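Numbering (the numbering used here), first residue to last: -12 to 443.
Here's what the structure looks like:
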């Protein structure tokens, strides 16, 4: 065998054994890299509304001491394989182990908090992933993306539970403007993330590569595959990926392990001490959360916590059909006073004097009143800026009737929750099953989680 043939043969053998070597301890973990979601969790003190009001306190019932039992590598490998999901997420090696160790030792407190916070969003993740026929194990992706913080924002500008960059979020239909950032909306952002994950799987056909693409972009993953000789395997293209992405996939695998096996490591989950059931309503006019809070017996802080997509206490229903989430009891109350709230919103517009462009909210924040022009128009309908009449109010409301007509015909919509049936929905919304079927043109009683139904 001549020298040239020898080196060709050696190179082919090297490539052939790469996939095997890549899943052993031959790849050295980069201990300096910590995914943003883990950093967010480490820095996340118990200060958010949900943590303070819906989760059990961090007290003696929660084991936070740095006591992590020893387990063999075989134990970890078997536990990972037992988690339902694609085999790409069952890989165990020194890199995955290093992230499991991080979760189980110095991040024990953060894991306890994230387990509790998962109860707030888990049903949303599960319903939407199921709708797109995606592996349920992807429900843990926000753990490393945002630490399950819906308002998390990275230094690079990514935001929300699923950490969308503004341009990517907009490309998947999320609104980002002066009043709203739908990257922070748990429902809409999860739906956008599911569509993005499904799209990338259609391109790569491997879930580890899909997660790598989610982190660094499909283009970078395609380049890494090309540099690795066209092999579509994360552990083969590992050396050709950005440093952050090299840690991202093993950090996710470790997250799936710890979220399923935390009790084996003496970590106790924060418990949900209050039931969290919410319903949604469409807001057709500009309203302030202070107005809703006053009539629905709820605090502004609670409304903002259920609706992190709004940048101020203004719900810009007059500019776009805005959706607001409220606890079930308050959602029913809101439906009963909705019209009177719109009426008071018009009254508020009448009281805004020319040149007055701000409104001081009950929380002390100053929110821009962007509809000052429509307020002036409404005043003009009364004949003078200083006088108001019921006829003027009616005229002001009718001036928006054209834009509202399609919404009015649709009426109030709700989103079907997991476990819902037509009887329960009818009872909550003071209607009948027969009426629900008629309004939604349903032939049978079958409905699915995530489905939109007209109830009013």
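Using N, Cα and C, we set each Cβ at its ideal position, and we do this for glycine too. Quick caveat, the model's predicted, so the values are computed rather than measured.
* If you scan the stretch 221 to 271 from start to end, which runs of the alpha helix (DSSP H) of 4 or more residues do you find wholly inside it? -> Contiguous alpha helix (DSSP H) elements confined to the stretch 221 to 271 occur at 221 to 224 and 230 to 248, taking only those with 4 or more residues.
* To do: Kindly indicate which three-state DSSP category residue 36 falls into: helix, strand or coil?
  => The sequence position of residue 36 within the chain shown is 49, counting from 1. Helix, per DSSP.
* What does a CB cutoff of less than 8 Å around residue 109 pick up in its chain, not counting 5 residues either side in sequence? -> Locating residue 109 in the chain shown gives position 122, counting from the first residue. Once the five neighbours on either side are set aside, the close Cβ partners of residue 109 are 126.
* To do: Leaving out five residues on either side along the sequence, give the residues of the same chain with a beta carbon under 6 Å from the beta carbon of residue 432.
  => Residue 432 sits at position 445 when you count from the first residue of the chain shown. Hits under 6 Å: 409.
* To do: Leaving aside the five residues before and after residue 303 along the sequence, list all residues of the same chain whose C-beta is less than 7 Å from its C-beta, in chain order.
  => Walking along the chain shown from the start, residue 303 turns up at place 316. Same-chain partners within the cutoff: 166, 167, 273 and 309.
* Does the stretch 237 to 248 touch the stretch 128 to 135, meaning 3 or more C-beta pairs lie closer than 8 Å? -> Counting C-beta pairs closer than 8 Å gives three or more between the stretch 128 to 135 and the stretch 237 to 248, which meets the contact rule.
* Count the other C-beta atoms from every protein chain shown that fall within 10 angstroms of the C-beta of residue 176, then say buried if there are 16 or more, exposed otherwise. => The residue you call residue 176 lines up with position 189 of the chain shown. So residue 176 ends up on the buried side.
* Is the Cβ-Cβ distance between residue 444 and residue 170 less than 7 Å? -> Nothing can be reported for residue 444: it is not among the residues displayed for the chain, which extend from -12 to 443.
* To do: Inspect the CB distances between the stretch 287 to 299 and the stretch 311 to 322 and report whether three or more fall short of 8 Å.
  => The stretch 287 to 299, when compared against the stretch 311 to 322, does touch it at the 8 Å Cβ threshold.
* Asked: Under a Cβ-count criterion, where at least 16 other Cβ atoms within 10 Å of its own Cβ denotes burial, should residue 337 be classed as buried or exposed?
  -> Within the chain shown, residue 337 is the residue found at index 350, counting from 1. Low confidence applies here, because residue 337 scores a pLDDT of 40, under 50, leaving its location unreliable; read the following figure in that light. In the assembly as shown, residue 337 is a buried residue. Its beta-carbon has 16 or more other beta-carbons within 10 Å.
* Would you report the Cα separation of residue 288 and residue 36, rounded to the nearest angstrom? -> Looking up residue 288 in the chain shown gives position 301. Looking up residue 36 in the chain shown gives position 49. Their backbone Cα atoms lie some 7 Å apart in a straight line.
* Quickly, what does DSSP pair residue 119 with across the bridge? List them, please. => To locate residue 119, count along the chain shown from 1; it is residue 132. Looking at the DSSP assignment, residue 119 forms no beta bridge with any residue, so it has no partner.
* Asked: For the candidate residues 98, 89, 148 and 111, whose alpha-carbon lies nearest to that of residue 437?
  -> On the chain shown, residue 437 is found 450 positions in, with the first residue counted as 1. If we check each option's Cα against that of residue 437, 111 comes out closest.
* Asked: Tell me the DSSP bridge mates of residue 447?
  -> Lying outside -12 to 443, the shown extent of the chain, residue 447 is not represented and no answer is given.
* Asked: How is residue 151 classed by DSSP in three states: helix, strand or coil?
  -> Within the chain shown, numbered from 1, the residue matching residue 151 stands at position 164. If DSSP states are grouped into helix, strand and coil, residue 151 belongs with the strands.
* DSSP state of residue 428, grouped into three classes? -> Within the chain shown, numbered from 1, the residue matching residue 428 stands at position 441. If DSSP states are grouped into helix, strand and coil, residue 428 belongs with coil.
* Kindly indicate which three-state DSSP category residue 71 falls into: helix, strand or coil? => Start at 1 with the first residue of the chain shown, and residue 71 comes out as number 84. Coil, per DSSP.
* Asked: Just how far apart, CA to CA, sit residue 86 and residue 64?
  -> Stepping through the chain shown from its first residue, residue 86 is reached at position 99. Stepping through the chain shown from its first residue, residue 64 is reached at position 77. Cα-Cα distance, rounded: 14 Å.
* Asked: Of all the options 172, 399, 79 and 316, which has the alpha carbon lying nearest to the alpha carbon of residue 61?
  -> Position 74 of the chain shown, counted from the first residue, corresponds to residue 61. Cα-wise, what sits closest to residue 61 is 79.
* **CA nearest to the CA of residue 282, picked from 319, 260, 253 and 246** => Sequence index remark: in the chain shown, residue 282 carries index 295 (1-based). If we check each option's Cα against that of residue 282, 319 comes out closest.
* **Beta-bridge pairing of residue 146 - partner residues as DSSP gives them** => As a working note, residue 146 is residue 159 in the chain shown. 140 and 151, per the DSSP bridge assignment.
* Any idea which residues DSSP pairs residue 275 with across the strands? -> Position 288 of the chain shown holds residue 275. Under DSSP, residue 275 takes part in a beta bridge, and its partners are 301.
* Asked: What residue from 192, 122, 95 and 275 has the CA that sits closest to residue 250's CA?
  -> The count along the chain shown starts at 1 and reaches residue 250 at position 263. It is 95.
* Check whether the Cβ of residue 38 lies closer than 6 Å to any heavy atom of the ligand COA, and answer yes or no. => Inclusion of the ligand COA in the displayed structure is not the case, the ligand content being empty and no account of it being possible.
* **Residues near residue 180 in its chain [Cβ-Cβ closer than 6 Å; skip 5 each side]** => Counting from one through the chain shown, the residue named residue 180 turns up at place 193. Correct list, in chain order: 149.
* Asked: What do you get for residue 379, buried or exposed, if any count of 16 or more other CB atoms within 10 angstroms of its CB means buried?
  -> Counting from 1 along the chain shown, the entry for residue 379 is found at position 392. At residue 379 the pLDDT is 31, less than 50, meaning the model places this residue with poor confidence; the figure from the coordinates comes in the next sentence. In summary, residue 379 is buried, with 16 or more beta-carbon neighbours lying within 10 Å of its beta-carbon over all protein chains present.
* Buried or exposed: residue 132, going by 16 or more other Cβ atoms within 10 Å of its Cβ? -> Locating residue 132 in the chain shown gives position 145, where the first residue counts as 1. Result: buried.
* To do: Put residue 313 into one of helix, strand or coil per three-state DSSP.
  => Counting from one through the chain shown, the residue named residue 313 turns up at place 326. Look at residue 313 here: in three-state DSSP terms it is strand.
* Grab me the residues of residue 144's own chain with a C-beta within less than 8 Å of its C-beta, minus the 5 sequence neighbours each way, in chain order. => For the purposes of this step, residue 144 is taken as residue 157 along the chain shown, with counting starting at 1. Taken in chain order, the residues that qualify are 152 and 153.
* Outcome for residue 173 when other beta-carbon atoms lying within 10 angstroms are tallied against a minimum of 16 -> Mapped onto the chain shown, residue 173 falls at position 186. Buried is the call here.
* To do: Please look up how many angstroms separate the CB atoms of residue 100 and residue 257, rounded, as I've assumed it's under 8 Å.
  => For this step, residue 100 is matched to residue 113 along the chain shown. For this step, residue 257 is matched to residue 270 along the chain shown. That pair is a contact at about 6 Å.
* From this set, 161, 276, 416 and 443, which residue's C-alpha is nearest residue 426's C-alpha? -> Counted from its first residue, the chain shown places residue 426 at position 439. Just measuring C-alpha positions, the residue of 161, 276, 416 and 443 sitting nearest residue 426 is 443.
* Cα-Cα, which of 284, 413, 440 and 415 is closest to residue 403? -> As a first step, residue 403 must be located in the chain shown, where it is residue number 416. Restricting attention to 284, 413, 440 and 415, the CA atom closest to the CA of residue 403 is found in 440.
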